[in-house]
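Following this line, the structure appears as structure tokens:
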């Protein structure tokens, strides 16, 4: 219980970048080994900012901070830490600090905390919990990873469907430990099936005798406990849910998901898509150099194979190139334009799939559209590049060749860019991860083959 | 007021894709011009699903649907529509339907609805509002686009700081039109400065005589009305805010932002980053082909310039290539590997900037890390590609040349991929939009120059 008259102090400057002055004072306190100075600076901060600080300072400073101020690393800070760093920090904390840290957390946060830990560390944390909490967490861990069951909290407020506003308010006042966060009261029937949910604001605005059923929200959706977290985040964003009941296969209420967790998932999933499109797996700034290099190596190796395939096409035309070296100068332009147009098209397709904007009703319109866009821009760049090549090398027919090749390549880029992700989605392969190499191979092969092939036919 | 015993019907199948069977029935009803059939199918649906339906069906079906069922397009559906389509739909609606539609919306939704409309349509909608609502919307429109002022709703519940739980509950019961959604009561002093916020759940769990100040949330942040919506979304996600008070320059409470709006912004901003990284501007699946082609043309034109710059480098080595045609076969491999490694590095940098994971405390570590990752993978691929080239062309020195070129290019890719976005961010140019062409130019130029230059020195 506290009295607040000012905003919570922040580690962040106006646009939420870590504040350089605050950072310097913290590093000074670390250098002076000033426990008090450090605690004074860090204590008022939000757990998320302390976690970011731990992620961004050097490993040496991180160890110094943990040694100087272990009590500051509470459960909230642990929840906010990058998974990679979490194990390192947990290993470093004295067992009693760790036990204290996790006991305050809601069950969903404990699940998030322990699910990726080594069995040994997992056991240590579960052992620190009360019997009831431990059972709840162990139960949640039986649901598959990345599902609603892992995301939900079991702490919730429910009421029999026939209760009135007054009854539920009295019930809440009498309940010892209400969830830290809740926004709806779930109405259940005697079989524990959810039959509606009532927003707290509606309850507070209604007279005590008002039946809860009459002020239940019109839009009402339950989340199956096995639904993927990606789908959960989609539903929250699409239907502006604030909290939603989670039900098991028998339709019984087993938990609640709140929008802040759904927002975190949405942001993670978008992040993952962005990185995967660029051929980067899960990596974070606190990872070690070797891990990062290894993580990126695989994608580059795939790319090497596609590049070699493209080179094999070029090798078919060695004789042509030997006669007209200008072809070697111009051919990367065709491939580069195709590659970029393909990336545009595939990125739009990957996003449309993620946001469920492609359905049976517009599938063919979308494919046709990409082909036409490729054709239009292909013709545009054919003219531009045809003129450039003609002026550069003083050879009108070379302009014609590169122009025709440009059209072929950009149509291939448009069609490949939409069809490849669609096929991958159907084959249940993540299109964000796998589309790039396929599309690049298509545009490279088409580009080099069209350009050098047409050159061999027309120019020789 | 309604009684609910089942989930809201959905247009969507299990994973939230539009349900093909439902779609077919809707299209059948359209074909039969069955007003009743259509209304029966669409009325139970969520506004967001109706909007998606309008976006995904063909333009002809869309017009048929609007003609057959104009009353179904309420304010919520309009809010959910893609901006591009919104003008088209608004133009099509009878004025009285439009007026009815907007009158039900909260002020933030009306602002979102009108801000991108032509002045004429904007006037028609503002004219349909009550005096008070119109003033609120016009006031919001005076704040710059993409700021908290545009995002907030003015409908909120506040209480003098000295009130008790009982007083605020009585006040809410006596208030006619409470906001549709609210999760906190904002505590204000006599100057209308916010001094804290109290979660509804805490209010309901407390006895009537409890002073509100004593149950205010510990973490308390105000949002400046001119803060960018991107920063607002960041704050909600970082600090798990559910609703936050917005204050003007004088520190007075002017509105509230709720997490569902912040979530929508977060998702839009991530979407924008993904598309910009691929050189696609704002486009939606319902845009016309020509608009889309034009939107993508600009980026491709920039890419054409960078490709021509790379070709100019190759042109310096025409004589070398004429003597050793194998160089023409292998050189795209070097450029392609450099381009991909650069994309990996720049994507990580762009995301780290967006999530504020790069600060003064780790800037140089991050740059150094990218250089070392480039070096490690460069050496790895130098060995692989050196061996491949040697076996392919039976020329050990060619293997050496491509290996050395690979190392140079991949280090350049790593360093360029991190330094370019950082410099662009400092110059206040969106790194997601502009990094790609710069980095590609760097990797292409370094790649071709190193490979062909080394070949000229070593092989000739």
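Protein chains in written order, with this note's numbering: chain A, 38 to 497; chain P, 38 to 497. Heads up, the beta-carbon is just placed ideally off N, CA and C, and yes, glycines get one too. This one's a predicted model, so the numbers in the text were calculated from it and none came from an experiment.
Counting only the same chain and skipping the five closest in sequence on each side, list residues whose C-beta sits under 6 Å from that of residue i.
i: residue 113 (chain P); result: 84
i: residue 476 (chain A); result: 379, 383, 453, 454, 457
i: residue 45 (chain P); result: none
i: residue 377 (chain P); result: none
i: residue 129 (chain A); result: 103
i: residue 488 (chain A); result: 368, 371, 442
Excluding the 5 residues flanking residue i on each side, which residues of the same chain have their C-beta closer than 7 Å to its C-beta?
i: residue 403 (chain A); result: 395, 455
i: residue 416 (chain A); result: 444
i: residue 426 (chain P); result: 367, 435, 436, 439
i: residue 70 (chain P); result: 105
i: residue 497 (chain A); result: 357, 360
i: residue 116 (chain A); result: 142, 146, 149, 150
i: residue 423 (chain A); result: 436, 437, 439, 440
i: residue 56 (chain P); result: 48, 49, 50
i: residue 98 (chain P); result: 64, 67
i: residue 72 (chain A); result: 105, 106
Are the CB atoms of residue i and residue j nearer to each other than 9 Å?
i: residue 265 (chain A); j: residue 185 (chain A); result: yes
i: residue 362 (chain P); j: residue 365 (chain A); result: yes
i: residue 472 (chain A); j: residue 387 (chain A); result: yes
i: residue 123 (chain P); j: residue 150 (chain P); result: yes
i: residue 339 (chain A); j: residue 410 (chain P); result: no
i: residue 374 (chain P); j: residue 299 (chain A); result: no
i: residue 268 (chain A); j: residue 52 (chain P); result: yes
i: residue 118 (chain A); j: residue 152 (chain A); result: no
i: residue 90 (chain A); j: residue 79 (chain A); result: yes
i: residue 245 (chain P); j: residue 206 (chain P); result: yes
i: residue 346 (chain P); j: residue 296 (chain A); result: no
i: residue 323 (chain P); j: residue 92 (chain P); result: yes
i: residue 292 (chain A); j: residue 228 (chain A); result: no
i: residue 397 (chain A); j: residue 60 (chain P); result: yes
i: residue 237 (chain A); j: residue 220 (chain P); result: yes
i: residue 350 (chain P); j: residue 174 (chain P); result: no
i: residue 193 (chain A); j: residue 230 (chain A); result: no
i: residue 158 (chain P); j: residue 127 (chain P); result: yes
i: residue 136 (chain A); j: residue 164 (chain A); result: yes
i: residue 381 (chain P); j: residue 337 (chain A); result: yes
i: residue 260 (chain P); j: residue 189 (chain P); result: yes
Who are the near neighbours of residue i in its chain, counting only those whose CB is closer than 8 Å to its CB and skipping five residues on each side?
i: residue 400 (chain A); result: 459
i: residue 258 (chain A); result: 272, 276, 278, 281
i: residue 243 (chain P); result: 202, 252
i: residue 256 (chain A); result: 276
i: residue 319 (chain P); result: 309, 312, 332
Can you tell me the Cβ-Cβ gap for residue i and residue j, rounded? I've got them flagged as a contact below 8 Å.
i: residue 315 (chain A); j: residue 307 (chain P); result: Residue 315 (chain A) to residue 307 (chain P), Cβ: 14 Å. No contact.
i: residue 310 (chain A); j: residue 391 (chain A); result: 6 Å
i: residue 6 (chain A); j: residue 446 (chain A); result: The requested residue 6 (chain A) is not part of the displayed model; chain A covers only 38 to 497.
i: residue 180 (chain P); j: residue 262 (chain P); result: 6 Å
i: residue 448 (chain A); j: residue 491 (chain A); result: The Cβ separation is near 15 Å, so there is no contact.
i: residue 225 (chain A); j: residue 232 (chain A); result: 7 Å
Closer than 8 Å: is that where the CB of residue i sits relative to any heavy atom of the ligand FMN?
i: residue 387 (chain P); result: With respect to the ligand FMN, the structure shown offers nothing to examine, as it has no ligands at all.
Any residues in the segment 351 to 362 of chain A with a beta carbon nearer than 7 Å to a beta carbon of chain P? Which ones, in chain order? Hits within the stretch, in order: 351, 352, 355, 358, 359, 362.
Please list, in chain order, the residues of the segment 211 to 244 of chain P that have any C-beta partner in chain A closer than 8 Å. Listed in sequence order: 212, 215, 216, 218, 219, 220, 232, 233, 236, 237, 238, 240, 241, 242, 243, 244.
In the segment 295 to 312 of chain A, which residues sit with their C-beta less than 7 Å from some C-beta in chain P, listed in chain order? 296, 297, 300, 301, 303, 304, 307, 308, 310, 311, 312
Closer than 8 Å, Cβ to any Cβ of chain A: which residues of the segment 412 to 441 of chain P, in chain order? 413, 414, 417, 418, 421, 422, 425
Could you please tell me which residues of the segment 380 to 413 of chain A, in chain order, have their CB closer than 7 Å to any CB of chain P? Taking 7 Å as the Cβ-Cβ cut-off, the segment 380 to 413 of chain A approaches chain P at 380, 381, 384, 385, 388, 389, 393, 394, 396, 397, 398, 399, 402, 403, 406, 409, 410, 413, given in chain order.
Entirely within the segment 215 to 302 of chain A and at least 4 residues each: give me those alpha helix (DSSP H) ranges in chain order. List check, alpha helix (DSSP H) in window: 237 to 242, 266 to 276.
Contact list for the segment 91 to 109 of chain P against chain A, Cβ threshold 9 Å: Taking 9 Å as the Cβ-Cβ cut-off against chain A, the residues of the segment 91 to 109 of chain P that qualify are 92, 93, 94, 95, 98.
Every unbroken alpha helix (DSSP H) within the segment 340 to 405 of chain P, with a cutoff of 4 residues, ordered by chain: DSSP runs (the alpha helix (DSSP H)) wholly in the segment 340 to 405 of chain P: 355 to 360, 363 to 391.
Extract the residue ranges of the alpha helix (DSSP H) inside the segment 131 to 165 of chain P, only unbroken runs of 4 or more that lie entirely within it. 132 to 140, 144 to 151, 156 to 165
Could you name the residues of the segment 184 to 202 of chain A whose beta carbon sits closer than 7 Å to any beta carbon of chain P, in the order they occur along the chain? none
May I ask you to list, following chain order, the residues of the segment 53 to 82 of chain P that have a beta carbon less than 8 Å from some beta carbon of chain A? 53, 54, 55, 57, 60, 64
Check distances from the C-beta atoms of the segment 248 to 269 of chain P to those of chain A and list, in chain order, the residues that come in under 9 Å. 250, 251, 252, 253, 254, 255, 256, 257, 258, 259, 261, 264, 265, 267, 268
Could you name the residues of the segment 155 to 188 of chain A whose beta carbon sits closer than 7 Å to any beta carbon of chain P, in the order they occur along the chain? Hits within the stretch: zero.
Whole beta strand (DSSP E) runs in the segment 179 to 210 of chain P with 3 or more residues, listed along the chain? If we require 3 residues or more, the beta strand (DSSP E) runs fully inside the segment 179 to 210 of chain P come out as 195 to 197.
Length-filtered (4 minimum) alpha helix (DSSP H) runs lying within the segment 60 to 94 of chain A: 72 to 79, 84 to 93
What residues in the segment 137 to 151 of chain P bring their beta carbon closer than 8 Å to a beta carbon of chain A? none
Residues of the segment 472 to 489 of chain P in Cβ contact with chain A at a cutoff of 7 Å, in chain order, please. none
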